[in-house]
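Q:
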DNA sequence: TATAGACCTTCAAGTAGCTTGAATGTCAAG
DNA sequence: CTTGACATTCAAGCTACTTGAAGGTCTATA
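Chains as they are written, first to last, in the working numbering: chain Y, 8 to 164; chain Z, 8 to 164.
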């Protein structure tokens, strides 16, 4: 089977397969005389393993590690267990962050929809992006609260 | 104030400030005779705006757009409103994905913890990473179901 | 026979949002 | 006069790929 077939059967793009080979997740396959890659069912199995692990949000490094353990006959159970636990913790955190963000955005959106014509010193009406600014921000207010550090609600993506 | 002070007051790293300047989110500040950047309260305001927008998960491109609109005196309300709505949709989706992933991982973890002593040829017993493999995977099983594409939502049982 | 098109190849660079590192300069305190 | 904390620039690294350029291969059809 050639790369497109393999990729389709695993549900990824051919470029992804070449990439996985390049970084050593998949072994270099044998080639047809014209240079085309040829894959066996075995390769499909391995690729599918990678794809499933990715769907579980394992990093490529983690997957590489798991595959290496398997190859050496060592059961990666403990390692995988650890990874699962830390993934779960990360997910918990991330969901909480997204919830907070969600609430904040809903609040902003309501505010923006609700006060579309409060008089402003400029011709402009109530502006959502003004709401991005902290409550009560005049130039003065910023100076007045020099201690306030906006917390970093973001997570590494 | 110098870069470290500015950065600290906005809650980011100095390198981030230089980066924002580099990509045009912050204007190049004036310099001390020795070349050090000098910032005013105004710059802090702008940086804080960026930081808050980032915390709301706006991309740097979106923020650049919003700032540009503001500068031209056009109210970015409509634009921001749109962005907020699409952010909310994305968040909804993302949370659902994470929930699915969470369930899947919890299930795997239980499975791994539950069957820790089925007889194995090695000292090690039931292996979590075997669970990453699809249900009933022996080399033969894979061949037997050549049509099956593992979907992200798959719940092997 | 020519040519279209659907594949395949490699290598390089681009994506987001920064961080890190190397190599160097500035400046106050001990 | 040295140490240490700050500052500078430029380049590369991070994740997990995708995209693009420039080309080779093979089959089918006009």
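By construction, the Cβ of each residue, glycine as well, lies at the ideal position given by its N, Cα and C atoms.
What you are looking at is a predicted structure, and each value in this text was computed from that prediction instead of being measured.
To the nearest angstrom, report how far apart residue 6/Z and residue 88/Y are at their CA atoms.
A: With chain Z represented from 8 up to 164, any question about residue 6/Z goes unanswered, as that position is not in the structure.
Q: Which residues in chain Y have a C-beta closer than 7 Å to the C-beta of residue 167/Z? List them in chain order.
A: Within the shown structure, residues of chain Z are numbered from 8 to 164, placing residue 167/Z beyond reach of any answer.
Q: Look at the alpha carbon of residue 15/Y and the alpha carbon of residue 44/Y, and state the distance between them as a whole number of angstroms.
A: Residue numbering aside, residue 15/Y sits at position 8 when the first chain is read from its first letter. Residue numbering aside, residue 44/Y sits at position 37 when the first chain is read from its first letter. Residue 15/Y and residue 44/Y: Cα-Cα distance of roughly 15 Å.
Q: Where does residue 79/Z sit, in a helix, a strand or coil, going by DSSP?
A: For this step, residue 79/Z is matched to residue 72 along the second chain. Here residue 79/Z sits in coil by DSSP.
Q: Tell me the rounded alpha-carbon separation between residue 55/Y and residue 17/Y.
A: Working through the first chain from its first residue, we reach residue 55/Y at position 48. Working through the first chain from its first residue, we reach residue 17/Y at position 10. Those two C-alpha atoms are separated by around 6 Å.
Q: Could you check the C-alpha separation between residue 47/Z and residue 26/Z for me, to the nearest Å?
A: Looking up residue 47/Z in the second chain gives position 40. Looking up residue 26/Z in the second chain gives position 19. Approximately 18 Å between the Cα atoms of the pair.
Q: How many angstroms separate the CA atom of residue 67/Z from the CA atom of residue 94/Z?
A: Translated into the one-based positions of the second chain, residue 67/Z becomes position 60. Translated into the one-based positions of the second chain, residue 94/Z becomes position 87. Their Cα atoms are separated by approximately 14 Å.
Q: If the cut-off is 7 Å on Cβ atoms, which residues from the segment 99-112 of chain Z count as contacting chain Y, listed in chain order?
A: 101, 102, 105, 108, 109, 111, 112
Q: Tell me whether residue 91/Z is buried or exposed, calling it buried when 16 or more other Cβ atoms sit within 10 Å of its Cβ.
A: Start at 1 with the first residue of the second chain, and residue 91/Z comes out as number 84. Result: buried.
Q: What's the call for residue 113/Z, buried or exposed, on a 16-neighbour Cβ count within 10 Å?
A: On the second chain, residue 113/Z is found 106 positions in, with the first residue counted as 1. Residue 113/Z is exposed by the Cβ-count criterion.
Q: With respect to the alpha helix (DSSP H) encompassing residue 24/Y, which residues constitute its N-terminal and C-terminal limits?
A: Residue mapping note: residue 24/Y aligns to position 17 of the first chain, counting from 1. For residue 24/Y, the enclosing alpha helix (DSSP H) starts and ends at 21-29.
Q: Might you give, ordered along the chain, the residues of its own chain that have their beta carbon closer than 7 Å to the beta carbon of residue 58/Z, omitting 5 neighbours on each side?
A: Position 51 of the second chain, counted from the start, is the residue given in the question as residue 58/Z. Correct list, in chain order: 17, 18, 19.
Q: For residue 117/Y, which option in 84/Z, 107/Z, 36/Z, 102/Z has the closest C-alpha, if you only look at C-alpha atoms?
A: By one-based count along the first chain, residue 117/Y stands at place 110. Of the listed residues, the one whose Cα sits closest to residue 117/Y is 84/Z.
Q: To which residues of the same chain is residue 33/Y closer than 8 Å at the C-beta, ignoring the five residues directly before and after it?
A: Here residue 33/Y refers to the residue found at position 26 of the first chain. 24, 27, 50, 53, 54, 57, listed in sequence order.
Q: Here's a check: name, in chain order, each residue in its chain whose Cβ is nearer than 6 Å to the Cβ of residue 8/Y, leaving out the five neighbours to either side.
A: Walking along the first chain from the start, residue 8/Y turns up at place 1. Excluding positions up to five away in sequence, the list reads 46.
Q: Compare the C-alpha of residue 64/Z against each of 96/Z, 77/Z, 10/Z and name the closest.
A: Residue mapping note: residue 64/Z aligns to position 57 of the second chain, counting from 1. Answer by Cα proximity: 96/Z.
Q: Counting only Cβ pairs nearer than 7 Å, list the residues of chain Z close to residue 247/Y.
A: In this structure chain Y extends from 8 to 164, so residue 247/Y is not present and cannot be described.
Q: Can you check which of these residues, 10/Z, 108/Z, 71/Z, 100/Z, is closest to residue 86/Z by C-alpha distance?
A: Looking up residue 86/Z in the second chain gives position 79. Residue 71/Z is the option with its Cα nearest to residue 86/Z.
Q: Between the Cα of residue 99/Y and those of 108/Z, 60/Z, 10/Z, spot the shortest distance and give me the residue it belongs to.
A: Position 92 of the first chain, counting from 1, holds the residue named residue 99/Y. Ranking 108/Z, 60/Z, 10/Z by Cα distance to residue 99/Y puts 108/Z first.
Q: Let me know the secondary structure DSSP gives residue 107/Z once reduced to three states.
A: The sequence position of residue 107/Z within the second chain is 100, counting from 1. Residue 107/Z: helix per DSSP, three-state reduction.
Q: Would DSSP call residue 7/Y helix, strand or coil?
A: Chain Y is shown only over 8 to 164; residue 7/Y falls outside these bounds and no answer can be derived.
Q: Report the rounded CA-to-CA distance for residue 166/Y versus residue 61/Z, giving the unit in angstroms.
A: In the structure displayed, chain Y extends from 8 to 164; residue 166/Y sits before or after that span and is not available.
Q: If I'm right that residue 105/Y touches residue 101/Z with Cβ under 8 Å, what's the distance once you round it to whole angstroms?
A: The count along the first chain starts at 1 and reaches residue 105/Y at position 98. The count along the second chain starts at 1 and reaches residue 101/Z at position 94. At roughly 6 Å, the Cβ-Cβ gap stays under 8 Å, so residue 105/Y and residue 101/Z are in contact.
Q: CB-CB under 7 Å to residue 69/Y, same chain, minus the five flanking residues each way: which ones, in chain order?
A: Taking the first chain and counting its residues from 1, the one referred to as residue 69/Y is at position 62. The answer, listed in chain order, is 90.
Q: Taking Cβ-Cβ distances shorter than 7 Å, what residues in chain Z pair up with residue 32/Y?
A: Here residue 32/Y refers to the residue found at position 25 when the first chain is read from its first residue. Those within 7 Å of residue 32/Y in chain Z number zero; the least Cβ separation is about 14 Å.
Q: So the candidates are 13/Z, 74/Z, 41/Z; which of them puts its Cα closest to the Cα of residue 31/Z?
A: Here residue 31/Z corresponds to residue number 24 of the second chain, with the count starting at 1. Here the closest residue by C-alpha is 74/Z.
Q: Can you tell me whether residue 111/Z is buried or exposed? The criterion is at least 16 other CB atoms within 10 Å of its CB, across all chains shown.
A: For this step, residue 111/Z is matched to residue 104 along the second chain. The residue in question, residue 111/Z, is buried, as its Cβ has 16 or more Cβ neighbours within 10 Å.
Q: Cβ of residue 75/Z less than 9 Å from any chain Y Cβ?
A: As a first step, residue 75/Z must be located in the second chain, where it is residue number 68. Answer no: the Cβ-Cβ gap between residue 75/Z and chain Y never drops below 9 Å.
Q: Measure the alpha-carbon distance for residue 29/Z versus residue 13/Y and round it to whole angstroms.
A: The count along the second chain starts at 1 and reaches residue 29/Z at position 22. The count along the first chain starts at 1 and reaches residue 13/Y at position 6. C-alpha of residue 29/Z to C-alpha of residue 13/Y: approximately 43 Å in a straight line.
Q: At a CB distance below 8 Å, what residues from the segment 35-68 of chain Y approach chain Z? Give them in sequence order.
A: 48, 49, 51, 52, 55, 56, 58, 59, 60, 62, 63, 64
Q: The segment 9-21 of chain Y: which residues have C-beta closer than 9 Å to a C-beta of chain Z, in chain order?
A: 15, 16, 17, 18
Q: In three-state DSSP terms, what is residue 94/Z?
A: Locating residue 94/Z in the second chain gives position 87, where the first residue counts as 1. Here residue 94/Z sits in helix by DSSP.
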